[in-house]
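Novice: Chains as they are written, first to last, in numbering that gives the first Met the number 0: chain A, 0 to 161; chain B, 0 to 119; chain C, 0 to 273. Even glycine gets a Cβ: it sits at the ideal position worked out from N, Cα and C. As the structure is a prediction and not an experimental result, all values here were calculated from the model. Below is one structure. I have some questions about it.
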Amino acid sequence: MRLTEIDYGSSINSLNANIYQFSGSRERILLTEPVQVWHGEAVGQLEKLVHLQPGWDGYQAEPVSFTNATFALRMLESICGDDAPIPQIVPGVSGDLQIEWHTLQGDIELHVKAPNDVRAWHSQFTDGTKAEEIDLTFDFIEIAAWVKKVTESAIAITTATA
Amino acid sequence: MIRRISDKYLVVDPKIGGKRISSMAFSPSSGSNGGMSVDLQKLIEGAGIDARTFVTTPVWIGSVRLKVGDLRKEKLKVGFEPTKANQFHGEVWGNFTMEKKERLKELSEWFVPIEDVSIV
Amino acid sequence: MSNTAAISNRPDHLPDFNCPPLNEVTLGVQFAQPKGYQQIYAGEVWNLYRKDYPLVEEQAPLEPTFETFGLSAPSGQIKFVTGASHDRFWFLQTEGDELIQFQNDRLLHNWRKVGDRSNPYPRFEYMIAKYRNELEQLQTYMIGLASDALAINQCEVSYINHIIVENDDELKASRWFRFISFGDTEVDDFKAGFREIVRDEAGKPQGRLIGEAVSGRNQSGQRVFVFTLTVRGAPKEPKIESALEFLSRGRELIVKRFAELTSDYAHTKWERCK
Chain A
0 MRLTEIDYGS SINSLNANIY QFSGSRERIL LTEPVQVWHG EAVGQLEKLV
50 HLQPGWDGYQ AEPVSFTNAT FALRMLESIC GDDAPIPQIV PGVSGDLQIE
100 WHTLQGDIEL HVKAPNDVRA WHSQFTDGTK AEEIDLTFDF IEIAAWVKKV
150 TESAIAITTA TA
Chain B
0 MIRRISDKYL VVDPKIGGKR ISSMAFSPSS GSNGGMSVDL QKLIEGAGID
50 ARTFVTTPVW IGSVRLKVGD LRKEKLKVGF EPTKANQFHG EVWGNFTMEK
100 KERLKELSEW FVPIEDVSIV
Chain C
0 MSNTAAISNR PDHLPDFNCP PLNEVTLGVQ FAQPKGYQQI YAGEVWNLYR
50 KDYPLVEEQA PLEPTFETFG LSAPSGQIKF VTGASHDRFW FLQTEGDELI
100 QFQNDRLLHN WRKVGDRSNP YPRFEYMIAK YRNELEQLQT YMIGLASDAL
150 AINQCEVSYI NHIIVENDDE LKASRWFRFI SFGDTEVDDF KAGFREIVRD
200 EAGKPQGRLI GEAVSGRNQS GQRVFVFTLT VRGAPKEPKI ESALEFLSRG
250 RELIVKRFAE LTSDYAHTKW ERCK
């Protein structure tokens with residue numbers, strides 16, 4: 000959004016750095032800073048989903064919207080620790096999408112209907128936590144706890160069987 | 000009625016040791032009047048067309064079948080909504096909670112099965 | 000609203016300066032692309048503002064931006080490789096100091112120093128009154144395209160300050176900023192950033208204050224410290240009124256933090272009067 004140009008004198012890693020486009024290009028360029036395995040995988044899945052052909056479901060489905068994909072990735076960054084399991088991402092028919100984890104400990108499904116409009120659900124977990132379905136906007140601390148539960152249990156099983 | 004199941008709707012579930020259909024396959028479109036698209040088998044066959052051929056053309060996609068009566072028992076409405084691309088198109092409307100979507104999966108049976116994939 | 004009226008409407012409790020180093024102020028909202036809108040209609044959008052903003056430029060689009068909350072603050076930039084995207088248009092006043100930025104999911108209003116940098120800042124109250132009008136005009140237009148009201152999902156207010164270094168003594172960051180000190184070490188350049196969660200009355204996260212201080216040179220070659228404070232987040236409701244409320248609260252927080260984070264020396268230079 001900043002209009003005036005400043006010579007920073009060093010490489011920029013600013014929180015607010017402008018995105019520079021190659022002149023004449025109308026393509027959006029992939030630029031991420033993946034630090035976790037799940038992150039790179041999620042970006043890859045979302046890339047495919049924003050490129051789906053209209054009617055991919057055999058009816059009139061749209062590709063996942065760029066806006067919803069961006070919001071979904073921000074949501075994942077808010078809720079996944081470094082060792083979170085890789086989510087599975089399923090498209091909806093209206094540009095929406097659903098992020099899913101299916102583990103031996105239970106299932107989590109996060110339906111991103113639009114930015115700030117998420118229907119979150121988890122099945123009964125093996126530790127007895129009852130199934131729950133809630134609506135969220137942009138504060139995902141509650142579902143961070145769900146993801147932690149399935150992450151920790153998965154690590155425990157991996158460690159036990161190693 | 001027939002609901003097409005794209006491979007984009009398939010997820011891996013270690014609890015069944017393989018792939019199954021996501022709940023998203025039984026979700027409506029957004030918007031105040033959004034419904035879940037279906038193909039009306041009776042109308043297709045009434046027009047003298049093989050239903051399995053119809054729902055796998057021009058692109059092969061798996062599909063499941065549900066009984067209209069079962070949907071109505073779940074308090075869902077089914078209606079005929081032809082489109083330019085599909086004269087046998089119908090829609091299902093209602094409140095698609097997670098519980099409802101799981102019930103729809105349980106009530107479904109394969110019509111054009113996807114190999115090695117479970118419905119539930 | 001005139002500048003005089005704007006000054007008289009300014010909240011009394013806010014710090015104020017006679018000569019602040021303010022270089023640019025931006026008010027912005029992001030919204031879901033309205034149904035029925037396509038880039039071909041951008042010319043009609045320009046016509047809404049053309050009388051006061053007769054010049055136009057095309058820029059690369061801004062990517063969607065969201066503040067979310069959970070375990071940690073998301074970071075890094077996200078872009079996906081997609082097809083053609085909607086340009087960002089600048090609708091400029093002839094003097095060039097105020098402009099509107101428009102794309103299919105954004106409307107922003109900028110004020111900036113131009114030319115010999117003598118153009119005065121018209122004040123937030125003046126800017127937000129104009130911006131309200133611009134948003135309402137856009138919304139009316141979009142409703143006319145068989146759409147709903149704007150569904151605003153993010154708001155952002157930024158204050159960008161250029162602190163011009165006039166002598167060697169002023170090269171030290173600690174001269175200006177309370178939160179930066181390199182002791183006796185002379186550094187060639189630096190960049191410092193921080194983020195703070197902004198909470199609503201109930202204590203729930205609503206947005207973030209993002210601060211960034213960086214050394215550099217301006218277009219005239221002068222050494223400057225650029226100090227940017229931005230508040231970004233979702234409005235309570237996706238409506239214009241709620242968005243404007245968010246921007247106003249954001250501005251208050253920015254002004255307070257600016258005063259808290261800059262030094263007494265800086266305040267003397269900038270003639271702090273409140």
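Among C:Y48, C:W269 and C:T184, whose alpha-carbon lies nearest the alpha-carbon of Q92 (chain C)?
Specialist: C:Y48
Novice: M23 (chain B) and L89 (chain A) - do their beta-carbons sit closer together than 8 Å?
Specialist: In the sequence on display, residue 89 (chain A) carries Val and not Leu. Yes. Within cutoff.
Novice: D81 (chain A) and Q35 (chain A) look like a contact to me (Cβ under 8 Å); what is the Cβ gap, rounded to whole Å?
Specialist: 5 Å
Novice: I140 (chain A) touches chain C at which residues, Cβ-Cβ below 8 Å?
Specialist: F68, G69 and L70
Novice: Below 8 Å between beta carbons: does that hold for F139 (chain A) and I78 (chain A)?
Specialist: Using a Cβ distance threshold of 8 Å, F139 (chain A) and I78 (chain A) count as a contacting pair.
Novice: Give every residue of the same chain whose Cβ lies closer than 6 Å to the Cβ of V11 (chain B), excluding the five residues on either side of it in the sequence, and list them in chain order.
Specialist: K18
Novice: Could you give the uninterrupted runs of the alpha helix (DSSP H) lying entirely in the region 102–147 of chain A, keeping only those of 4 residues or more?
Specialist: Runs of alpha helix (DSSP H) with 4 or more residues, each lying fully within the region 102–147 of chain A, are absent.
Novice: Does the ligand NAP have even one heavy atom less than 7 Å from the beta-carbon of I196 (chain C)?
Specialist: Among the components of this structure there are no ligands whatsoever, and the ligand NAP is therefore not found.
Novice: To the nearest whole angstrom, what separates the beta carbons of F65 (chain C) and F137 (chain A), a pair I think is in contact under 8 Å?
Specialist: 7 Å
Novice: What is the DSSP secondary structure of E114 (chain B), counted as helix, strand or coil?
Specialist: coil
Novice: So L134 (chain C) and V28 (chain C) are supposed to be a Cβ contact under 8 Å. How far apart are they, rounded?
Specialist: 7 Å
Novice: Under 8 Å, do I142 (chain A) and L109 (chain A) count as touching if we go by C-beta distance?
Specialist: In contact: I142 (chain A) and L109 (chain A) (Cβ atoms closer than 8 Å).
Novice: Grouping DSSP H, G and I as helix and E and B as strand, with all else coil, what is E56 (chain C)?
Specialist: strand
Novice: Just to make sure I have the definition right: I need the residues of chain A whose C-beta is within less than 7 Å of the C-beta of I48 (chain B). Which are they?
Specialist: Near I48 (chain B) there are no residues of chain A at all, since even the closest Cβ is about 15 Å away, more than 7 Å.
Novice: Using C-beta distances below 8 Å, list every residue in its chain close to L9 (chain B), excluding the 5 sequence neighbours before and after it, in chain order.
Specialist: K18, R19, I20, S21, I113 and V116
Novice: Sort out for me which residues DSSP pairs E151 (chain A) with in a bridge.
Specialist: Paired residue(s): none; E151 (chain A) is not in a bridge.
Novice: Jot down the residue ranges of each uninterrupted beta strand (DSSP E) in the region 36–109 of chain A, minimum 3 residues, whole runs only, in chain order.
Specialist: Counting only runs of 3 or more, we get 87–90 and 96–102.
Novice: Considering Cα atoms alone, identify which of C:S262, C:L54, C:W269 and C:V254 is closest to D11 (chain C).
Specialist: C:V254
Novice: Using a cut-off of 9 Å between C-beta atoms, extract the partners of P114 (chain A) located in chain B.
Specialist: Neighbours of P114 (chain A) on chain B: none; closest Cβ ~13 Å, over 9 Å.
Novice: Indicate whether L281 (chain C) and I127 (chain C) have their beta-carbon atoms separated by less than 8 Å.
Specialist: Outside the modelled stretch of chain C, which goes from 0 to 273, sits residue 281 (chain C), for which no answer is possible.
Novice: Which residue's Cα is closest to the Cα of G94 (chain A): B:G34, B:L65 and B:S28?
Specialist: Nearest to G94 (chain A) by alpha-carbon distance, out of B:G34, B:L65 and B:S28, is B:S28.
Novice: May I ask which residues mark the beginning and end of the beta strand (DSSP E) holding I48 (chain B)?
Specialist: No beta strand (DSSP E) holds I48 (chain B); DSSP gives it neither H nor E.
Novice: For the candidate residues C:K112, C:F88 and C:D104, whose alpha-carbon lies nearest to that of E94 (chain C)?
Specialist: C:K112
Novice: Does chain A have any CB closer than 8 Å to the CB of E105 (chain B)?
Specialist: no
Novice: Between the beta-carbon of A83 (chain A) and the beta-carbon of W37 (chain A), is there less than 8 Å?
Specialist: yes
Novice: For M0 (chain B), would you say it is in contact with chain A, using Cβ-to-Cβ distances shorter than 8 Å as the test?
Specialist: no
Novice: Measuring only the C-alpha atoms, how far is Y120 (chain C) from T102 (chain A)?
Specialist: 57 Å
Novice: Using beta-carbon positions only, say whether V230 (chain C) and L252 (chain C) come within less than 8 Å of one another.
Specialist: yes
Novice: Since G93 (chain B) and K76 (chain B) are thought to touch, with beta carbons under 8 Å apart, how far apart are those beta carbons, to the nearest angstrom?
Specialist: 6 Å
Novice: Which residues of chain B have a Cβ atom closer than 8 Å to the Cβ of S93 (chain A), listed in chain order?
Specialist: S28, S29, G30 and G33
Novice: By the three-class DSSP mapping on this structure, what secondary structure does P182 (chain C) have?
Specialist: Here residue 182 (chain C) turns out to be Gly, not Pro, going by the sequence shown. Coil at G182 (chain C), not helix or strand.
Novice: Does the beta-carbon of C18 (chain C) have 16 or more other beta-carbons within 10 angstroms, so that it is buried, or is it exposed?
Specialist: With fewer than 16 Cβ atoms within 10 Å of its Cβ, C18 (chain C) is classed as exposed.
Novice: By Cβ distance below 7 Å, which residues in the same chain neighbour K41 (chain B) in space, the five residues on each side in sequence not counted?
Specialist: none
Novice: Quick one: what's W59 (chain B) bridged to in DSSP?
Specialist: Answer is none; W59 (chain B) lacks a bridge partner.
Novice: Determine, using beta carbons only, whether P81 (chain B) comes closer than 8 Å to chain A.
Specialist: no
Novice: Could you tell me which uninterrupted beta strand (DSSP E) segments, each at least 3 residues in length, are contained entirely in the region 68–135 of chain C, listed from first to last along the chain?
Specialist: 87–91, 97–102 and 105–111
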